[in-house]
Each structure stands twice: as C-alpha cells, then as structure tokens.
Amino acid sequence: MKSNTGALVTALIAVCSALPTSDYQPTYEPRWNESVGIENSNADFVSSCGPDWMAVDDVFTNNGAIHRRGYNTAVDGFCDMAHGKLVGAENQKYLSMATRVWLSGGGRPEEYGINGYVYFEVHNKINGGHTVDGTKCKEYLKKMTSNSVNGKHCYGGPQPQGSHATLGGTWQVGSNDISYHAIANKIPPINEQIDNVVLTHDAIYDIGRDHGPFLSPWPLHQFNDAVPVNCHSHNDYMRDKALYSALMAGCVSVEADVWPHGDKLTVGHEDPGPNGPTLDDLYLKPLLALIQSQDAIFTKKPEVGLDLLVDFKSDPDKTWDLLIKTLAPLRDAGYLSSWHHGAFDYQHVTVIASGTALVDGPAPEPLAKANSDTANPAHAVFVDARANKPLRNFNQSNTYWMSASFKEAVQRDPGPLTPYNLGVMRAHVRNAHARRFKIRYWDIPDEGVWQHLVAEGVDRLNVDHLESVAGLDWYL
C-alpha cells in the first residue's frame, strides 16, 4: 500500500507471485476484469483489486457447524472504529487495522477456505488532514462487492447464484488524494494492529515479511477462534508458513520430515542440508511459546492437544537422539504426552516418530530406543505402527498412531469404496481402537472419500489442501 496506484499494483503483483500454487481447481470461474488498463473516472474509483478471495457475507462451514466472518462484517467493524479519526496530522499518513475474515480461495465459501485477515488502511496523500466518516468508509470499501465499478470487477461467486466473494482492493477518493484499502492476507500484522485502529507513518505489513518459512514474532493469540478438527497437515513444512496454517485450519496434527545435521534436525521433503530450517525453529519453539502464553493449543477447546508426527528420513539412531535432545524444553515443562506408571498421560503435544523410526519387515517393530527408559526419557516419544502388518511388537506404551498407505492397504482406485474394501478399512479402525491407537491413512487417491473416512472413525484425515477441510462434516 504505497503512495501511488502504480506502486500498489506492483506490490500486489509481487504478493500474488509469491503465493504457493495449488492443484485445486475451483468449481466455478471467478469473474473479474482481466484487462490490463483500468478505465478510471476523474475522481472516486476502484484503482485495483486484491490478490485473494474473501467471502462477502458471513457463512457457516462444515455442514453449518462453524461460523466464519465475511468481508462486509469486517468492513463494518473497521469503519465503526475508524469513524472520526484524523489521518494526516503529524506525518501520520496511515490509519490501519487488520481483522479476521474468511479467505474463500476461489471456491464456494460454505465449503472451501481458511481463516485469515483483511488489512484495512486509509492513506492520506495530501497535505491537509482527512477525517474518516464511518458511513462513507463503508460505502467506499463495499464498492469491491459490486458487480462493476468504473470498469473494475473485484467480485466473483458460484454461478448462477451471483456474487459471494470479493478480492477487496483500493478505492481512490478524489483523483489521487485519499486511498481506502482492503487487502486479504493469511498472516497477521503486529499484534497492536489486530482489531485496533492505529495511526502510523508507514503502511501496514504482515509479520512474515522477509522471514521465509518463519513468523517473527510468533502470533500467540491468533488461534483463539480456531475450532479443532481431526485433520492431519501432510507435509506441513511445505506450506507458506509451517504450523501456522494448519492451526488456522484447526488441524490437530502436523507432519515434519527431519534430517540429522550436526546437533540439529533440519526439515524438508528432501535433505535441505545443514543450513535448512530446523524442527526447533519451525515447530518446537512456537509450540512452547503458544502453550506458555495460553496453556492450550486451541483455546476454544483447551483439552485438545496437537500431534506432532516426526518422519525420520535417515540415520534413525542419530535422529532419535537429536529428537530427544531437542524436545527437552517441552518435556521438562510437562507439555509432552507420556507413558507414566503404566498409563498414558495426555498433554498438549504428543510426539510420534515415523519413517525409519520403525524397523520394517514381516513383523515391524519400533526402534529399540523407543522402549528404553534411558533413550526415551519419560517415554514421551511414541511410534507409528503399520495398519496392514502384524502389531505384536506395538502397544500403548510405545505406540500412539497406526497408519498405512490407503492405496496399498484399502483401495487403489479413486471413487467410492467397494463393499469388500470398506470391510477391510473397518477392520483396521476396530483394530486400532481396540489397542487405543489413532488410525490414519496416507496416499488417499480421492478427496471424494474423505467424508466416508471421517464417518467410519478414521482419527486423522491426511490433508494436502487445508481449505478443503471446511467442506467436511466433523460431527461437532
């Protein structure tokens, strides 16, 4: 959000280019003006649209179970708070606030999306002061939900129902005097600008800027409205921001592939080398700060913790020892689930070792260190048994999950489950629950069977597209 329209458009293009791509195809074609030039009037016009779709109105997702905040409600909240504020005095040219909004991502908002933020900003580019009028503020910002304003479309929606989503954008007051911005962002700004109007000399920006996969500072209070559901964020470290997006979606489980390098575990699908992001930085330090701050992962349901699946990619003994060392702050604080005096003690974080932490074969078994009082202090690291192989070496003292490739263990082809394959899956679920294990499948060929898996009692649904979590009935 710069001092001129060209700079703003350039910045928005850069934001769009940096966004991760997805294989997901929306169920409809969003509508917006695709022409490069914008037909502007001499004054008062939409100069640009934002990079991400937001639900226009409040919606209920997950079969009507979870309320999501729409753009219009967010606009009303900002403009009511901004009303009467003077922008431009003492070089304070920006009035900013970020607030919760449902990012619908080009899909039907009732079935697709994730919690995010809309960044509001009033930018005064003239010498005199500008007093915000709340009514006018709402009028300007809601122009982005109109069919067409001065040649610019910033709206879209499932056909033929009409407009249900907006890209937000910029409304220029005068020829280039005052700008009213509404731009979607997955990441929050600094805490003082969340649900609070702030006068500054600079534009609002998110805390993820220039930090790569990290957030600095880690947002401690942005998951207070997250509703936990039984999804597992597969290859979580490959998301734009590790851990953060999964918690925003309400997933109760995340996955990190780790590689031993020196005295640390680095994270990556392929070996990132010794300078790659670490398990400690991406997951353990943020979780420790989050729990210390609010004594919960999800404040709406503080009794629900987070499963951290650590997938060993090489050298299992060295990886195990480094994991135990790295977990020490969480373990010493009493935040890790453990096997204690013959009983499972559930805490905020349950750590499950997978990959080469299992000794594979006709009858797999945990790495020997999993059963050792010395190598596994407090027995606070569990393993992930195989659902389609003998389980005689696995019990509640060393195992928390039971997993398998869906294609190998249940059904290879996409589409509805055959009666025989449904029976196989039900046997896996019964077997897991009889042992008090959680069951998960990876390599699911078709999102169309997700709801069936949830209904049949699969405990952790392997998810690549977090936005699709909103389309499921979790029987909340």
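Numbered per mature numbering (1 follows the signal peptide of the UniProt record, and there is no 0), the sequence shown spans residues -18 to -1, 1 to 458.
Glycine included, C-beta positions come from ideal geometry on N, C-alpha and C.
Whole-angstrom C-beta distance between residue j and residue i, which should lie under 8 Å
i, j, result
"lysine 125", "cysteine 61", "Their Cβ separation, rounded to whole angstroms, is 13 Å, which puts lysine 125 and cysteine 61 out of contact at 8 Å."
"alanine 271", "serine 319", "Not confirmed; about 19 Å, so no contact."
"threonine 332", "proline 242", "About 22 Å; that fails the 8 Å criterion."
"isoleucine 306", "alanine 357", "7 Å"
"leucine 288", "valine 236", "7 Å"
"histidine 251", "tryptophan 424", "Between tryptophan 424 and histidine 251 the Cβ distance is about 14 Å, and since that is not below 8 Å, they are no contact."
"leucine 168", "aspartate 222", "The sequence shown places lysine at residue 168, rather than the leucine named in the question. Yes, lysine 168 and aspartate 222 are in contact; Cβ-Cβ is about 7 Å, under 8 Å."
"valine 28", "glycine 66", "About 25 Å separates the two Cβ atoms, so there is no contact after all."
"glycine 116", "alanine 56", "Contact flag wrong, Cβ pair sits at about 14 Å."
"isoleucine 160", "alanine 80", "With 8 Å as the limit, isoleucine 160 and alanine 80 do not qualify as a contact, their Cβ atoms being about 20 Å apart."
"proline 344", "asparagine 375", "Actually they are not in contact, since the Cβ atoms of proline 344 and asparagine 375 sit about 11 Å apart, beyond 8 Å."
"lysine 282", "aspartate 207", "7 Å"
Candidates the options: closest to residue i by CA position
i, options, result
"valine 155", "Lys107, Ala185 and Gly232", "Lys107"
"tryptophan 153", "His243, Gly138, His105 and Ile189", "His105"
"aspartate 212", "Glu449, Gly453, Arg442 and Asp446", "It should be pointed out that residue 212 corresponds to asparagine in this sequence rather than to aspartate. The shortest C-alpha separation from asparagine 212 is found at Arg442."
"glutamate 72", "Phe102, Val83 and Gly111", "Gly111"
"residue 461", "Ala391, Tyr226 and Asp395", "Any property of residue 461 remains undetermined from this structure, which presents the chain solely from -18 to 458."
"glutamate 92", "Ala80, Leu68, Tyr99 and Met36", "Met36"
"aspartate 342", "Tyr328, Phe102, Arg368 and Ala64", "Arg368"
"proline 33", "Arg418, Tyr265 and Tyr99", "Tyr99"
"valine 292", "Lys282, Ser336 and Pro268", "Ser336"
"asparagine 173", "Leu202, Arg191 and Ala147", "Leu202"
"proline 298", "Ser275, Ala345, Val365 and Asp277", "Val365"
"leucine 269", "Met63, Ser128, Gln329 and Phe294", "Gln329"
"aspartate 39", "Ser86, Val286 and Thr260", "Ser86"
"histidine 183", "Cys31, Leu77, Ser275 and Trp200", "Leu77"
"arginine 417", "Arg394, His447, Glu438 and Met384", "Met384"
"aspartate 58", "Gly89, Gln74, Ala164 and Ser450", "Ala164"
"glycine 316", "Ala278, Tyr53 and Gly89", "Ala278"
"histidine 49", "Cys31, Arg82 and Ser30", "Arg82"
"serine 450", "Cys233, His193 and Asp192", "Cys233"
"glutamate 429", "Lys389, Val445 and Val411", "Val445"
"lysine 389", "Val431, Ala352 and Ser379", "Val431"
"aspartate 263", "Val286, Lys75, Pro195 and His146", "Pro195"
Boundaries (first-last residue) of the alpha helix (DSSP H) holding residue i
i, result
"arginine 412", "401 to 416"
"threonine 356", "No alpha helix (DSSP H) holds threonine 356; DSSP gives it neither H nor E."
"valine 57", "53 to 64"
"tyrosine 122", "116 to 123"
"glutamine 274", "267 to 276"
"methionine 220", "Note, methionine 220: premise wrong, no alpha helix (DSSP H); not H, not E."
"tyrosine 226", "226 to 231"
"aspartate 303", "298 to 308"
"tryptophan 432", "432 to 437"
Outcome for residue i when other beta-carbon atoms lying within 10 angstroms are tallied against a minimum of 16
i, result
"leucine 458", "exposed"
"phenylalanine 42", "exposed"
"glycine 150", "buried"
"alanine 339", "buried"
"proline 396", "exposed"
"proline 170", "buried"
"proline 398", "exposed"
"glutamine 204", "buried"
"histidine 322", "exposed"
"aspartate 218", "buried"
"alanine 414", "buried"
"glutamine 274", "exposed"
"glycine 89", "buried"
"proline 284", "exposed"
"threonine 148", "buried"
"histidine 193", "exposed"
Host beta strand (DSSP E) of residue i (start-end)
i, result
"leucine 291", "288 to 294"
"threonine 381", "381 to 387"
"leucine 247", "246 to 249"
"glutamine 154", "151 to 155"
"aspartate 366", "363 to 368"
"valine 331", "331 to 337"
"arginine 442", "442 to 445"
"valine 180", "180 to 182"
"tryptophan 321", "320 to 322"
"alanine 325", "325 to 327"
"serine 128", "It is not in any beta strand (DSSP E) - serine 128 carries neither H nor E in the DSSP assignment."
"alanine 164", "160 to 167"
"lysine 420", "420 to 424"
Short CB-CB distance (under 8 Å) between residue i and chain C
i, result
"lysine 223", "You won't find chain C in this structure, because it holds only one protein chain."
Fill in: Any alpha helix (DSSP H) of 4 or more consecutive residues that is wholly inside the region 24 to 111
For the region 24 to 111, whole alpha helix (DSSP H) runs of length 4 or above, ordered along the chain, are 53 to 64.
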